[in-house]
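One structure is given here, and the rest of the page talks about it.
There are 2 protein chains.
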Amino acid sequence: MRALPSSAVTHWHRTADVVIVGCGGAGACAAIEAARGGARTLVLERAGGGGGTTALSTGVCYLGGGTRVQRACGFDDSVADMTDYVRLAAGHGCDDERIRLFCEGSVEHFEWLCALGVEFKDAYEPEKTTHPFGEEGLHMSGNEAVHPFAERARPVPRGHKPRHPGEAGAYLMRQLIAAVEASGAEILCDCRATRLVRDDGGRVVGVLARLDGADIAIGAERGVVLCAGGFIMNDDLLAKHAPQLLRCNYKAGCPGDDGSGILLGAGAGGEAINMAEGLVLNAYYPPGKHAKGILVDANGHRFINEDAYIGRASDAMLNKADGRAWLIVDNELWGKTQVPHRLAAVEETFSELEASLGMPAGELVHTIETYNRHAARAEDPLFHKSAEYLRPLQTPPYAALDCTTTGSIYGALTLGGLSTAPTGEVLDAGGTSIPGLYAAGRNAAGICREGRTYASGLSIADATFFGRVAGRRAALSR
Amino acid sequence: MRALPSSAVTHWHRTADVVIVGCGGAGACAAIEAARGGARTLVLERAGGGGGTTALSTGVCYLGGGTRVQRACGFDDSVADMTDYVRLAAGHGCDDERIRLFCEGSVEHFEWLCALGVEFKDAYEPEKTTHPFGEEGLHMSGNEAVHPFAERARPVPRGHKPRHPGEAGAYLMRQLIAAVEASGAEILCDCRATRLVRDDGGRVVGVLARLDGADIAIGAERGVVLCAGGFIMNDDLLAKHAPQLLRCNYKAGCPGDDGSGILLGAGAGGEAINMAEGLVLNAYYPPGKHAKGILVDANGHRFINEDAYIGRASDAMLNKADGRAWLIVDNELWGKTQVPHRLAAVEETFSELEASLGMPAGELVHTIETYNRHAARAEDPLFHKSAEYLRPLQTPPYAALDCTTTGSIYGALTLGGLSTAPTGEVLDAGGTSIPGLYAAGRNAAGICREGRTYASGLSIADATFFGRVAGRRAALSR
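One line per chain: the protein sequences are A and B, in this order.
To convert, note that position 231 of the first sequence is 231 in our numbering; the numbers rise steadily by one, no gaps.
Heads up, our numbering is the position in the second sequence plus 478, with the first residue counted as 1.
Written out as structure tokens, the structure is:
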């Protein structure tokens with residue numbers, strides 16, 4: 001939606017210094033910092049309450065460089081080590097300055113969250129998992145210990161989950177929203193931003209919004225911060241920009257993730273970038289022992305090291321195996337997954353298993369023969385799975401868990417959004433900032449640019465960290 | 479570069495009804511139609527002469543539905559058959575209306591080209607090739623006869639090469655430029671457009687350009703048509719939008735393909751879409767018999783039906799084989815490729831070959847054993863190569879042609895550009911057209927959206943066809 005010229009606004013129903021669109025992880029943190037920076041801050045939340053997609057998540061936050069939890073659990077981390085890894089995890093197109101700020105500021109960000117009342121327990125979860133199911137505060141949440149990452153950056157766990165059993169996103173957001181309220185910022189719920197307002201000089205000076213069945217104009221004297229999420233809920237935008245995500249059957253987002261924040265920014269001249277990229281998740285582990293199984297395609301061939309983070313493995317399932325993948329385990333390895341995986345076949349021999357799955361005769365048998373021969377020596381010359389997950393598959397019966405796009409759950413979220421400077425300023429296609437306009441969280445293209453390199457917690461860490469940066473910056477703007 | 483407000487233009491050095499930026503295939507056709515439509519037409523070409531990337535190409539144009547050449551060569555085609563195939567070849571995100579216009583208008587477009595003096599010889603080249611090396615006017619230029627396309631659309635050849643031995647792009651452009659001159663349109667060479675000019679209502683009303691060391695303002699009373707090519711020559715834009723293309727070591731374009739036309743349009747509010755997509759070409763055939771060899775990755779495993787169009791196979795080499803691919807042939811199949819491929823290894827047995835290539839022991843041997851066993855029955859249950867390319871590899875010595883990104887030539891061009899209506903009108907992110915602004919050719923996201931589904935000739939056919947549409951439309955605009 002193209003921005004409205006301010007000359008068309010006859011009456012400002014409200015004004016604030018900083019107006020923030022969206023009260024998820026990014027918006028809440030932007031609000032806290034803007035208010036603390038002395039700005040009259042107003043947050044517009046289209047839902048009945050704040051929380052956004054962060055509230056629906058595991059709450060894992062990617063933090064490091066030597067946090068209290070890391071040190072208490074005996075892990076030595078540094079800004080340099082974290083930077084080495086985040087460069088790999090960010091994926092293509094992420095600028096060095098953004099990564100530098102993120103890694104250098106990570107311990108401070110951890111402490112800032114703690115000071116808000118977000119608790120983290122000093123305990124490490126060693127199991128390979130999407131997130132600790134208990135209250136443990138630390139786990140290895142990405143590809144740190146995995147080929148080819150482990151050879152390029154020293155592996156250190158950086159997934160920090162707030163102290164809450166199971167999924168901790170709602171707990172995290174409760175603390176953040178309480179802090180917004182304590183900061184003096186106001187949250188206006190059931191209020192949907194519909195259009196930005198720009199003055200003659202191109203500066204964003206306000207927002208049109210829908211509230212109580214009426215359109216209102218809200219002036220923003222210092223700036224507008226777009227924190228309205230990604231676009232996984234908008235099938236038209238997915239078809240246009242990230243059609244492969246339409247192959248996924250579970251949308252990891254809240255209803256507000258319809259791309260409206262991205263379109264608002266584009267309508268004011270902002271450039272949307274990285275729009276083709278997304279994170280795809282088929283959680284074939286935990287149980288962590290499933291990484292000792294093998295993933296095969298419709299020809300019975302492996303295509304990835306199975307100890308990869310599920311985002312990386314799921315990207316390969318979709319793009320290398322064309323969405324036709326099965327996890328092969330023996331009787332000792334079989335376990336229940338969180339989102340249940342259908343048993344596609346169970347047989348006493350691999351020959352019967354490949355026949356049951358309709359694979360070409362002899363191919364799965366050969367794949368297993370090769371895998372077992374090397375695994376017996378704790379080697380995987382083909383895909384370089386780490387030794388701890390290498391063991392021959394030899395205890396019948398053998399099972400194939402359905403990991404196809406038609407038979408299992410593929411979750412997805414988008415990683416494209418407005419182009420921003422590391423300060424949160426929204427940029428146009430020429431790299432010039434749009435005065436008065438900021439963005440953070442999945443409304444922007446942030447630290448996490450590629451699903452195949454992603455680590456759990458990167459998106460929430462990015463949203464909360466750069467939400468703060470954008471809120472501070474907007475509060476200083478005139 | 480953001481568009482300049484017309485209020486800032488104090489003097490229009492020139493005016494025309496329609497100003498066209500770029501004189502390649504799209505620009506030339508836009509100019510002919512605009513001039514014929516009664517518009518005073520001015521073409522700005524930044525190089526010393528017109529031609530653009532079309533002049534550097536093979537000149538193959540994807541045409542069908544029953545052209546004179548198709549009929550003379552005994553091929554029965556229809557608009558419906560062509561539409562079925564073009565839907566597959568266009569790839570994700572291409573709108574049905576654009577495909578409908580393109581297919582319904584294809585015979586007329588062929589005749590229009592002929593009437594301009596572009597000759598096509600009524601002769602068919604049956605060899606699997608990137609383009610006929612002789613003067614033959616017709617060949618199967620994409621994945622028509624190949625899995626999985628052949629099962630979904632009736633295979634018909636539609637690659638039309640102008641009558642000229644070898645590469646015919648320069649010949650094609652000579653005819654088009656002669657027609658531009660005959661049409662009354664003026665071509666201004668060595669003139670680089672630097673900025674669009676917009677009036678208060680947002681209508682594009684002119685262009686700033688650099689000519690003879692000075693900046694001039696050129697008024698466009700009916701419209702500006704951007705035909706300035708893609709962005710394969712701009713590494714910064716590639717890093718931002720299509721980083722995988724930076725893995726390719728040959729840029730299939732002319733120096734003007736630096737994305738400046740896309741940025742001009744974006745600066746006037748146009749949305750750039752499909753920016754992550756490109757066509758990748760590693761020409762392991764011709765000779766067509768190379769499709770009887772097998773492509774393997776670093777593990778000695780196949781990953782694609784080798785009779786696929788090279789754009790599809792090369793995409794798989796890059797993305798499924800991670801840029802580490804080899805073509806394995808036996809002594810009878812070996813032949814010289816146009817752009818020579820290094821022999822990575824030549825051995826008497828496959829066991830020695832896999833050792834020479836550093837592949838895990840037994841894997842290539844197994845791959846060949848499986849392939850040969852099925853090929854002897856003219857079957858390929860793994861990748862569905864068509865029967866005519868299936869024959870066991872059994873005449874030593876055996877050779878591996880280096881198709882790695884580090885050892886062979888990967889050509890690339892971009893398939894992203896401005897979002898347009900099928901009329902050529904440039905659209906913003908909300909789908910609203912920018913008055914007075916049109917785009918065609920690789921400056922726009924056209925018919926061809928994906929390299930993995932592409933067919934030779936799609937880009938030139940799209941550029942010339944929709945260049946005409948945009949030129950006609952601009953001439954009618956007020």
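Ideal placement from N, C-alpha and C gives every residue a C-beta, glycine not left out.
Predicted model, so just to flag it, every value in this text is computed and none were measured.
Item                                                                                                                                                                            : Value
Which runs of the alpha helix (DSSP H) at least 4 residues long sit entirely within the region 606-685 of chain B? Give them in chain order.                                    : 647-661
For the candidate residues Leu534(B), Ala750(B) and Met795(B), whose alpha-carbon lies nearest to that of Cys726(B)?                                                            : Met795(B)
Using the beta-carbon count (16 or more within 10 Å), is Gln966(B) buried or exposed?                                                                                           : Here chain B comprises residues numbered 479 to 956, so residue 966(B) is not present and cannot be evaluated.
Is Thr370(A) helix, strand or coil when you go by DSSP?                                                                                                                         : helix
Going straight from the alpha carbon of Leu759(B) to that of Ala941(B), what length do you get?                                                                                 : 20 Å
Please list, in chain order, all residues of the same chain as His491(B) whose beta carbon is under 7 Å from its beta carbon, the five residues on each side excluded.          : Ile694, Ala695 and Ile696
Please state whether DSSP places Cys539(B) in a helix, a strand or coil.                                                                                                        : strand
Tell me where the alpha helix (DSSP H) around Glu104(A) begins and ends.                                                                                                        : Asp96 to Glu104
Would you call Pro610(B) buried or exposed, if buried means 16 or more other Cβ atoms sit within 10 Å of its Cβ?                                                                : buried
Between Ala421(A) and chain B, is there a C-beta pair that is closer than 7 Å?                                                                                                  : no
When DSSP labels each residue in this structure, what does Leu437(A) get in the three-state scheme?                                                                             : strand
Going straight from the alpha carbon of Thr41(A) to that of Glu221(A), what length do you get?                                                                                  : 10 Å
Do you know offhand how far Ile938(B)'s Cα is from Ser584(B)'s?                                                                                                                 : 13 Å
Nearest-angstrom Cα distance between Ala660(B) and Ile99(A)?                                                                                                                    : 57 Å
In the structure shown, what three-state DSSP assignment does Ala514(A) receive?                                                                                                : Because residue 514(A) is not part of the residues shown, which for chain A are 1 to 478, the question remains open.
Counting pairs of Cβ atoms below 8 Å between the region 77-92 of chain A and the region 28-35 of chain A, do you hit three or more?                                             : no
Strictly by DSSP, which residues pair up with Ala687(B)?                                                                                                                        : Ala671(B) and Ile694(B)
Across the region 861-876 of chain B and the region 777-793 of chain B, are there enough close Cβ pairs to call them in contact, namely three or more that are closer than 8 Å? : yes
For a test of the three-state rule: what should DSSP assign to Trp804(B), helix, strand or coil?                                                                                : strand
Candidates Ala839(B), Tyr787(B), Ile772(B) and His844(B): which alpha carbon is nearest Trp812(B)'s?                                                                            : Ile772(B)
Any contact of the region 397-405 of chain A with the region 342-359 of chain A, i.e. 3+ C-beta pairs under 8 Å?                                                                : yes
Kindly indicate which residue of Met275(A), Arg312(A), Ile447(A) and Met82(A) has the alpha-carbon position closest to the one of Tyr285(A).                                    : Arg312(A)
Could you spell out the range, first to last residue, of the beta strand (DSSP E) harbouring Lys121(A)?                                                                         : Lys121 to Glu125
What residue range does the beta strand (DSSP E) around Tyr398(A) cover?                                                                                                        : Tyr398 to Asp402
If you check the beta carbons only, do Val675(B) and Leu482(B) fall under 7 Å apart?                                                                                            : yes
May I ask which residues mark the beginning and end of the beta strand (DSSP E) holding Gly411(A)?                                                                              : Gly411 to Thr414
Going along the chain, which unbroken runs of the alpha helix (DSSP H) with 4 or more residues stay wholly within the region 492-529 of chain B?                                : 503-514
Which whole-angstrom value is the C-beta distance of Pro640(B) and Gly537(B), which I expect to be below 8 Å?                                                                   : 5 Å
Under a three-way DSSP split, which group does Val86(A) fall into?                                                                                                              : helix
Could you check the C-alpha separation between Phe102(A) and Phe465(A) for me, to the nearest Å?                                                                                : 7 Å
When DSSP labels each residue in this structure, what does Tyr763(B) get in the three-state scheme?                                                                             : coil
Decide if Lys336(A) is buried, meaning its Cβ has at least 16 other Cβ atoms within 10 Å, or exposed.                                                                           : exposed
Residues of chain D with CB under 7 Å from Ala754(B), in chain order?                                                                                                           : Here chain D cannot be found, since the structure's protein chains are A and B.
Taking the C-alpha atoms as reference points, what is the distance between Asp808(B) and His366(A)?                                                                             : 24 Å
Beta carbons nearer than 9 Å to chain A: which residues of the region 798-812 of chain B have them?                                                                             : Lys798
With a threshold of 8 Å on Cβ separation, who are the neighbours of Ala623(B) within its own chain once the five nearest residues in sequence on each side are excluded?        : Pro633, Asp785 and Ser864
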